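So the structure is just underneath, and the comments pick up after that.
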Amino acid sequence: MGNSDGDRHNDDLSAEDSPWSEGSWSDDDDDEGSLSFEDSGDSGEGSDVESDEPDAAAAEESDSSEDEVAPRNTVGDVPLEWYKNEEHIGYDIAGSKIKKRDREGRIEAYLKNADDAKNWRKIYDEYNDEEVQITKEEAKIISRLLKGKTPHANVDPYPDYVDWFEYEGKGHPLSSAPEPKRRFVPSKWEQKKVVKLVRAIRKGWIKFDKPKEEPNFYLLWGDETDTADNKRQGLSYIPAPKPNLPGHEESYNPSVEYIPTQEEIDSYQLMYEEDRPKFIPRRFDCLRSVPAYEKALREGFDRCLDLYLCPRTRKKRINIDPESLKPKLPSKKDLRPYPRTCYLEFKGHNGPVKSLSVESTGQWIASGSSDGTIRVWEVETGRCIKIWNVGGVVHRIAWNPSPDRNILAAVVDHDLLLLNAGVGDEEIQMKTKGLLQIEELAPDEDTGDKKPAVKWVKHEQFNGIMLIHHKLSKKHSHHPFRKLPGLPIAAVFHPIQKMFFVATKKFVQVYDLQKAQIVKKLEPGVRELSSISIHPGGDNVIVGSKDGKLCWFDTDLSTRPYKTLKNHSKDITNVTFHRKYPLFASSSEDCTAYVFHGMVYSDLNQNPLIVPLEILRGHSSSDGRGVLDCKFHPKQPWLFTAGADSVVRLYCD
Amino acid sequence: MPKHYRPAGKKKEGNAAKYITRTKAVKYLQISLATFRKLCILKGVFPRDPKKKVEGNHKTYYHMKDIAFLFHDPLIAKFREIKVHRKKVKKAFAKKNKDLADRLLNRPPTYKLDRLILERYPTFVDALRDLDDCLTMVHLFAALPAVEGERVQVQRIHNCRRLSHEWQAYISRTHSLRKTFISVKGIYYQAEVQGQKITWLTPHALQQVLTDDVDFNVMLTFLEFYETLLGFINFKLYHSINVNYPPVLDPRLEALASELYALCRYMSSGRVPGNSEPAGLIEDREDENNKESSKADESELRLAQLQHQLPTNEPGTLMHLVQESTGVDAEDADAKECRSLFKNLKFYLSREVPRESLLFIIPAFGGTVSWEGEGAPFDETDEDITHQIVDRPTQSHVFLSREYVQPQWIFDCVNARIILPTEGYVVGRVPPPHLSPFVDNDAEGYVPEYAETIKRLQAAARSQVLPLPSIGDEDMENSLVEAIIDRSESNEVAEKKRKLEMLEKQYHDELKMECEGMTFSNRTVDNPPDVVDKNDSKSDDNHVEDSHKQAEKDAAGISKSLMSRRERGLLEAIEIHHERKREKVNLLKKRKKNADSSASAKGRR
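Structure representation (structure tokens):
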């Protein structure tokens with residue numbers, strides 16, 4: 005509303021007010037301009053033109069009505085004459101009267117105008133009863149309007165015509181007149197022209213030139229700059245591997261050593277077709293006698309097939325020194341002493357020596373063989389001291405670990421025999437004899453000795469397999485475990501605590517003897533266990549398996565093996581720790597015994613160090629069996645091995 | 127259920143989405159299998175190995191991106207067009223519309239492969255890297271019989287011959303041939319172009335028989351690509367030495383099937399346009415006769431070309447082909463060596479030697495060559511000929527001024543990079559063994575006897591040659607460098623001497639041992655009981671030796687038990703590899719020993 009009003013008033017203004025139109029709005033003030041204001045101020049009521057001027061200017065500036073400053077007066081579009089005689093000119097938004105300003109004296113107003121340079125831009129707003137000053141831009145716009153130009157200077161009133169209407173695809177012809185007939189009839193003139201051309205062609209006046217031959221080859225690769233468009237697009241290109249370069253043997257005249265003999269050529273027939281050499285070298289005396297290679301085309305074809313039919317992949321080819329693969333081991337010299345060479349052979353048995361035991365002082369060893377004898381040998385001389393003919397296969401044999409009781413325990417067929425070894429001092433012999441004789445009377449003389457003089461025994465031949473806890477001193481056995489998950493294979497005592505390790509076929513179970521319950525279960529993850537041994541420290545256990553693997557358990561660390569060593573090609577028959585030296589050994593059916601350095605540190609953070617030291621050979625295989633047992637000397641770094649070749653060997657440093 | 131089951135309707139992802147079997151690819155592209163093959167060959171798309179073979183193990187898989195790459199190729203549309211065209215022609219013939227058929231046949235749709243080449247080999251070096259197969263194939267087809275009615279078009283074979291000759295001419299011209307080797311399969315060449323070693327095989331110059339066990343469609347598709355590739359490569363190479371590419375050859379020489387020579391001449395003349403016009407006129411008349419046989423339409427161009435070539439027709443001028451130096455500064459020592467190997471030597475080829483390969487090799491190493499036959503640059507009676515290459519049991523007429531050698535001599539000289547003594551290669555003798563230059567004898571572990579001989583000769587030649595340049599006007603730096611080289615060489619020589627001494631010593635020891643053995647065997651006849659003792663001790667020795675060996679083995683193998691399974695497997699694989707290699711070498715040594723002993727036995731007899 006205000007907008008249209010303003011426009012109208014502006015028009016009026018341009019028509020009426022000469023000073024506006026002719027006055028130069030550009031810069032300096034004139035008195036005329038100011039005078040004219042005075043006039044307007046005088047005849048204020050008569051012309052409501054000027055009152056709307058600022059509004060109009062504001063409307064020019066912004067199209068939206070929100071930007072407009074609301075008039076102070078709220079009386080609306082009423083003739084201001086109505087308030088001519090009133091004290092007020094109207095009401096503000098709150099409803100209170102707006103008082104008329106005090107009229108200034110003419111002289112005062114004149115002086116004020118004369119002082120003020122911007123006076124010419126001031127307009128009296130009668131409607132709101134206030135003076136408004138318009139900006140220079142607004143003034144410019146007003147002057148342009150007065151001149152009849154567009155308000156803004158940069159508007160092009162005569163732009164080029166752009167046809168915005170799209171005719172294509174609209175489906176509606178501009179004209180709906182029917183298609184004229186001539187559009188469907190062949191043009192007569194065209195036909196005449198065609199006839200002319202055809203005639204010319206027929207008479208040979210017009211000759212068709214052959215399709216132009218462009219030069220076949222040109223400089224395809226321009227400058228070799230390393231730009232992005234020089235890179236191959238798409239997937240990574242895998243170049244085909246180049247064919248193998250010919251070696252000496254492919255020569256037409258190779259040296260004699262490259263030509264296979266007739267026997268060798270014949271032997272190729274026996275080979276698998278894949279292994280058979282593809283090319284048999286031949287020798288020609290001179291170049292002229294070399295025939296055409298009959299497979300040339302075939303090989304070229306095969307290469308073509310390889311090129312477009314074979315899947316290509318990038319394969320990493322490692323070119324490493326095999327030595328670098330081997331783990332760095334400490335020098336063996338630093339780890340001495342350990343058994344290295346065979347020092348003695350104890351010969352005498354007639355059958356495989358199945359078991360072996362070293363007396364606790366290390367002076368004697370006892371061996372049990374499948375020929376039904378038990379022999380006791382003196383270690384230093386290799387002399388056989390005693391022979392018992394027990395009349396059955398001796399499966400296991402063990403000395404009493406206590407040095408002052410020379411008692412031997414042996415499993416013969418289904419029985420457990422306790423034998424008086426009858427070696428050593430008179431005194432000890434006497435004692436032992438006494439001990440064994442008063443067996444039935446069960447006196448309690450040895451109770452002072454707290455050391456459990458016990459040995460485990462396996463009764464494989466029985467149907468019900470059970471572990472029997474034998475106590476020699478008390479001369480009775482008891483069965484602590486009624487049930488086991490599988491066949492028990494071997495068992496050992498913990499050297500310090502009252503614990504007991506039982507190896508079944510798959511697992512090793514740790515029992516607490518006092519509580520008679522399972523404490524731990526070790527899982528070696530091998531096929532079938534065959535033997536077990538415990539480190540004198542008690543925290544580490546080694547287990548030998550029938551697939552030739554040796555597992556080292558750190559019982560504090562985990563129930564899984566700390567390290568699994570695969571060194572034997574056949575079953576491991578026995579594993580054993582040395583009681584003093586950091587050594588352990590394994591014997592196997594492949595006629596070898598391995599000696600390892602197995603250092604256990606007291607520092608719990610440091611893992612045990614395992615170094616393979618020596619492969620001990622010497623036993624020969626009989627019946628497919630090799631070394632059946634191995635035991636360390638209790639004091640010296642010596643290893644006894646019992647072989648299936650009925651020999652017991654002693655290996656020393 | 128298949129191995130990698132994916133329920134129906136589940137979105138494909140991973141390998142199932144990435145890879146596509148061949149059958150599916152063919153279906154996807156809506157083309158026939160033959161077209162697919164052709165497309166794959168031309169575009170260089172090959173199957174890939176997915177990690178998971180979703181559709182089964184016995185299928186070929188293509189990467190989906192490769193297939194999309196084929197899918198967007200304009201060649202597919204072109205192939206369809208060709209198919210349609212073929213049908214149209216057939217139809218026209220069937221309707222006895224000969225006009226239409228002729229018109230259609232006149233303008234068959236064609237396609238070009240230049241875009242593909244640039245796509246596959248964005249840079250020139252890329253193309254050179256993959257050139258081996260291309261050259262081998264082109265040379266193979268060049269050796270096929272150009273007989274009408276065979277499965278291979280005569281024109282293709284001629285084109286292959288032309289391309290191979292152009293390539294050889296370039297190699298020979300720039301002296302970039304490095305190694306050659308006559309094998310049973312053919313002659314191997316190795317050249318070095320822009321730092322890339324390019325090896326190719328040419329069949330022996332005897333006609334191949336087209337066998338039935340190959341699919342010529344596949345081979346011809348490959349050949350199509352290779353022909354284009356070699357053409358562009360030749361263009362680029364010729365451009366690099368400022369010679370016009372499609373070379374216009376001397377029709378006379380061409381008719382005489384000595385294209386290579388014609389090409390060489392073209393290249394030399396292309397650089398130096400002839401200026402003696404009057405000589406051309408005389409020769410022109412001579413050529414007139416030959417020209418009748420050649421095609422008429424090219425005669426004009428050739429005439430112009432001939433006039434340029436004529437000045438070089440005298441024998442002596444051919445030398446300037448060799449002497450003329452182009453960009454010597456850019457060449458390295460290797461190239462220099464090759465360029466001057468046969469310098470100042472003049473060869474004459476007998477009728478029976480393989481002319482093509484020798485015509486290629488001898489100029490490549492700086493020699494001058496002629497042959498028995500028409501169009502040869504000089505006659506057999508030429509006094510300057512230093513070597514005549516002969517491959518016949520006896521030579522009836524002998525010029526004393528020249529040496530008669532077998533063709534193998536050239537090849538061995540080239541590989542050794544020295545002029546070898548000709549004694550071993552004299553006519554009628556069995557030449558010394560021809561060794562492959564591609565084998566690294568040290569890596570192989572066995573050095574054939576003749577290789578050592580050659581090495582010794584090389585060292586000798588070097589020590590002979592080296593003092594010479596120091597006499598000339600060289601600056602300090604050069605002499606210094608040479609001094610260093612000299613020193614290193616002398617070191618080498620010293621080492622060699624030591625080695626030889628060692629060998630000698632070993633030989634003596636062996637001899638001694640052999641002598642002992644002899645006496646021992648003599649003794650066996652005398653007193654048998656002794657023998658038992660000896661044998662016993664021997665077996666004991668053997669035993670001890672065995673145990674020693676065992677101990678060594680143990681020491682080596684003992685740390686194996688601590689290795690992880692994977693590493694152990696790797697180590698064992700390496701050991702097996704080494705073992706095989708050793709066995710091979712041992713076999714060679716054994717054979718050599720046997721051969722030597724039998725030869726010596728024969729000699730004694």
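So the sequences go chain by chain: Y and U.
Numbering of the first sequence is given in the numbering used here, commencing with residue 5 and proceeding in unit increments.
Numbering of the second sequence is given in the numbering used here, commencing with residue 127 and proceeding in unit increments.
Even for Gly, the Cβ is constructed at its ideal location relative to N, Cα and C.
Please read these numbers as outputs of a predicted model, since none were measured by experiment.
| Element boundaries [beta strand (DSSP E), containing W326 of chain U] | Start at 1 with the first residue of the second sequence, and residue 326 of chain U comes out as number 200. In this chain, the beta strand (DSSP E) harbouring W326 of chain U covers Q322 to T328.
| Opposite M628 of chain U in the DSSP bridges: which residues? | The residue labelled residue 628 of chain U in the question sits at position 502 within the second sequence. M628 of chain U is not bridged to any residue.
| Roughly how far, in whole angstroms, is the beta-carbon of V398 of chain Y from the beta-carbon of G372 of chain Y, given that I think they are within contact range, below 8 Å? | Start at 1 with the first residue of the first sequence, and residue 398 of chain Y comes out as number 394. Start at 1 with the first residue of the first sequence, and residue 372 of chain Y comes out as number 368. At roughly 3 Å, the Cβ-Cβ gap stays under 8 Å, so V398 of chain Y and G372 of chain Y are in contact.
| If we ignore side chains and look at the alpha-carbon of each, how far apart do K101 of chain Y and W124 of chain Y end up? | Position 97 of the first sequence, counting from 1, holds the residue named residue 101 of chain Y. Position 120 of the first sequence, counting from 1, holds the residue named residue 124 of chain Y. About 30 Å.
| said: Tell me the rounded alpha-carbon separation between G622 of chain Y and I684 of chain U. | reply: Residue 622 of chain Y sits at position 618 when you count from the first residue of the first sequence. Residue 684 of chain U sits at position 558 when you count from the first residue of the second sequence. One Cα belongs to G622 of chain Y, the other to I684 of chain U, and the distance between them is close to 17 Å.
| request: Name the one or two DSSP bridge partners that I614 of chain Y has. | output: What you label residue 614 of chain Y is simply residue 610 of the first sequence in a count that begins at 1. Per DSSP, Y:G602.
| message | Check whether chain Y comes within 8 Å of A142 of chain U, counting only Cβ atoms and requiring the distance to be less than that. | response | In the second sequence, the residue the question calls residue 142 of chain U occupies position 16. Judged by the 8 Å Cβ criterion, A142 of chain U is not in contact with chain Y.
| request: With DSSP as the reference, label W392 of chain Y as helix, strand or coil. | output: Residue 392 of chain Y sits at position 388 when you count from the first residue of the first sequence. Three-state result, W392 of chain Y: strand.
| field | Rounded distance between the beta-carbons of D633 of chain Y and K358 of chain Y, thought under 8 Å | value | On the first sequence, position 354 is the one that residue 358 of chain Y refers to. On the first sequence, position 629 is the one that residue 633 of chain Y refers to. Their Cβ separation, rounded to whole angstroms, is 7 Å, which keeps K358 of chain Y and D633 of chain Y in contact under 8 Å.
| query | Using DSSP with H/G/I as helix, E/B as strand and the rest coil, what is V516 of chain U? | reply | Mapped onto the second sequence, residue 516 of chain U falls at position 390. Here V516 of chain U sits in coil by DSSP.
| Residues in its own chain within less than 7 Å of L375 of chain U by CB, not counting five upstream and five downstream? | Residue mapping note: residue 375 of chain U aligns to position 249 of the second sequence, counting from 1. Non-local beta-carbon contacts of L375 of chain U in its own chain, meaning distances under 7 Å to residues more than five positions away in sequence, involve E385, A388, L389 and Y392 in chain order.
| said: Any beta carbon of chain Y sitting closer than 8 Å to that of S723 of chain U? | reply: By 1-based counting over the second sequence, the position of residue 723 of chain U is 597. Output row for S723 of chain U: interface = no.
| task | Identify the contact partners of D594 of chain Y in chain U, using a Cβ-Cβ distance below 9 Å as the criterion. | result | Indexing the first sequence from 1 puts residue 594 of chain Y at position 590. Correct list: empty, because the minimum Cβ distance to chain U is about 13 Å.
| With a cut-off of 8 Å, does the C-beta of D256 of chain U fall near any C-beta of chain Y? | The count along the second sequence starts at 1 and reaches residue 256 of chain U at position 130. Taking Cβ atoms only, chain Y reaches closer than 8 Å to D256 of chain U, which makes this a yes.
| field | Delimiting residues of the beta strand (DSSP E) encompassing Y530 of chain U | value | Along the second sequence, read from residue 1 onward, the residue named residue 530 of chain U stands at position 404. Note, Y530 of chain U: beta strand (DSSP E), E529 to V531.
| query | Do V552 of chain U and V531 of chain U have their CB atoms nearer than 8 Å? | reply | For the purposes of this step, residue 552 of chain U is taken as the residue at position 426 of the second sequence. For the purposes of this step, residue 531 of chain U is taken as the residue at position 405 of the second sequence. Yes; because the gap between Cβ atoms is below 8 Å, this pair is in contact.
| request: Might you give, ordered along the chain, the residues of its own chain that have their beta carbon closer than 6 Å to the beta carbon of Q333 of chain U, omitting 5 neighbours on each side? | output: Reading the second sequence from its first residue, position 207 is the one you call residue 333 of chain U. P271, listed in sequence order.
| message | Here's the rule: buried if 16 or more other CB atoms are within 10 angstroms of the residue's CB, otherwise exposed. What is Q294 of chain U? | response | Within the second sequence, the letter at position 168 stands for residue 294 of chain U. Result: buried.
| Chain-order list of residues whose beta-carbon lies under 6 Å from that of L517 of chain Y (same chain, five-residue window excluded) | To locate residue 517 of chain Y, count along the first sequence from 1; it is residue 513. If we look at L517 of chain Y and ignore the five residues flanking it on each side, its Cβ neighbours are K502 and F504.
| message | On the criterion of 16 or more Cβ atoms from any shown chain inside 10 Å, does W326 of chain U qualify as buried, or is it exposed? | response | On the second sequence, position 200 is the one that residue 326 of chain U refers to. By the Cβ neighbour-count rule, W326 of chain U is buried, with 16 or more other Cβ atoms within 10 Å of its own.
| So, does the CB of T548 of chain U fall closer than 8 Å to a CB anywhere in chain Y? | In the second sequence, the residue the question calls residue 548 of chain U occupies position 422. Against chain Y, the CB of T548 of chain U has no partner CB under 8 Å away; the residue lies outside that interface.
| said: What does the Cβ neighbour count give for Q316 of chain U, buried or exposed, with the cut at 16 atoms within 10 Å? | reply: Taking the second sequence and counting its residues from 1, one reaches residue 316 of chain U at position 190. Buried, by the Cβ-count rule.
| query | Which whole-angstrom value describes the C-beta separation of E498 of chain U and T512 of chain U, a residue pair presumed to lie in contact below a C-beta threshold of 8 Å? | reply | Position 372 of the second sequence, counting from 1, holds the residue named residue 498 of chain U. Position 386 of the second sequence, counting from 1, holds the residue named residue 512 of chain U. Not a contact, Cβ separation roughly 16 Å.
| request: May I have a chain-ordered list of the alpha helix (DSSP H) segments no shorter than 4 residues that lie completely inside the segment 274-334 of chain Y? | output: Unbroken alpha helix (DSSP H) stretches of 4 residues or longer found wholly inside the segment 274-334 of chain Y: 300-313 and 326-329, given in chain order.
| query | How many whole angstroms separate the CB atoms of I576 of chain Y and S535 of chain Y, which I take to be in contact at a CB cut-off of 8 Å? | reply | For the purposes of this step, residue 576 of chain Y is identified with residue 572 of the first sequence, where counting begins at 1. For the purposes of this step, residue 535 of chain Y is identified with residue 531 of the first sequence, where counting begins at 1. Taking a contact as a CB-CB distance under 8 Å, the pair I576 of chain Y and S535 of chain Y counts as one, their CB atoms being some 6 Å apart.
| field | the segment 551-560 of chain Y contacting the segment 522-534 of chain Y, beta-carbon criterion three pairs below 8 Å | value | Three or more beta-carbon pairs separated by less than 8 Å link the segment 551-560 of chain Y to the segment 522-534 of chain Y, which places the two stretches in contact.
| request: Quick one: which residues of the segment 156-172 of chain Y get their C-beta closer than 7 Å to a C-beta of chain U? List them in chain order. | output: Within the segment 156-172 of chain Y, no residue qualifies.
| Nearest CA to the CA of K336 of chain Y: which residue from Y:E618, Y:R629, Y:K639 and Y:H637? | On the first sequence, residue 336 of chain Y is found 332 positions in, with the first residue counted as 1. Cα-wise, what sits closest to K336 of chain Y is Y:E618.
| Proximity winner among U:G275, U:R717 and U:K728, relative to Q266 of chain Y (alpha-carbon distances) | In the first sequence, counting from the first residue as 1, residue 266 of chain Y sits at position 262. Comparing Cα-Cα distances from Q266 of chain Y to each of U:G275, U:R717 and U:K728, the minimum goes to U:R717.
| said: With distance defined between alpha-carbon atoms, name the residue in U:G554, U:T161 and U:F172 nearest to T186 of chain U. | reply: To locate residue 186 of chain U, count along the second sequence from 1; it is residue 60. If we check each option's Cα against that of T186 of chain U, U:F172 comes out closest.
| task | Enumerate in chain order the residues of its own chain whose CB-to-CB distance from K719 of chain U is below 8 Å, with the five nearest sequence positions on each side excluded. | result | Position 593 of the second sequence holds residue 719 of chain U. The beta carbon of K719 of chain U is closer than 8 Å to none in its chain, skipping five residues each way along the sequence.
| task | Leaving out five residues on either side along the sequence, give the residues of the same chain with a beta carbon under 8 Å from the beta carbon of I242 of chain Y. | result | Walking along the first sequence from the start, residue 242 of chain Y turns up at place 238. Excluding sequence neighbours, I242 of chain Y sits near R316, T317 and R318.
| task | Spell out whether any CB of chain U is found under 8 Å from the CB atom of D289 of chain Y. | result | Position 285 of the first sequence, counted from the first residue, corresponds to residue 289 of chain Y. Cβ-Cβ to chain U under 8 Å: yes for D289 of chain Y.
| At which residue ranges does the segment 146-189 of chain U contain complete beta strand (DSSP E) runs of 3 or more residues, listed in the order of the chain? | Taking only runs of at least 3 residues, the beta strand (DSSP E) segments lying wholly in the segment 146-189 of chain U are 187-189.
| message | Our contact map puts L84 of chain Y next to Y114 of chain Y with C-beta atoms below 8 Å; I'd like the distance itself, whole angstroms only. | response | Position 80 of the first sequence, counted from the start, is the residue given in the question as residue 84 of chain Y. Position 110 of the first sequence, counted from the start, is the residue given in the question as residue 114 of chain Y. Between Y114 of chain Y and L84 of chain Y the Cβ distance is about 25 Å, and since that is not below 8 Å, they are no contact.
| T596 of chain Y and V652 of chain Y closer than 8 Å at C-beta | Taking the first residue of the first sequence as position 1, residue 596 of chain Y is located at position 592. Taking the first residue of the first sequence as position 1, residue 652 of chain Y is located at position 648. Not closer than 8 Å, so no.
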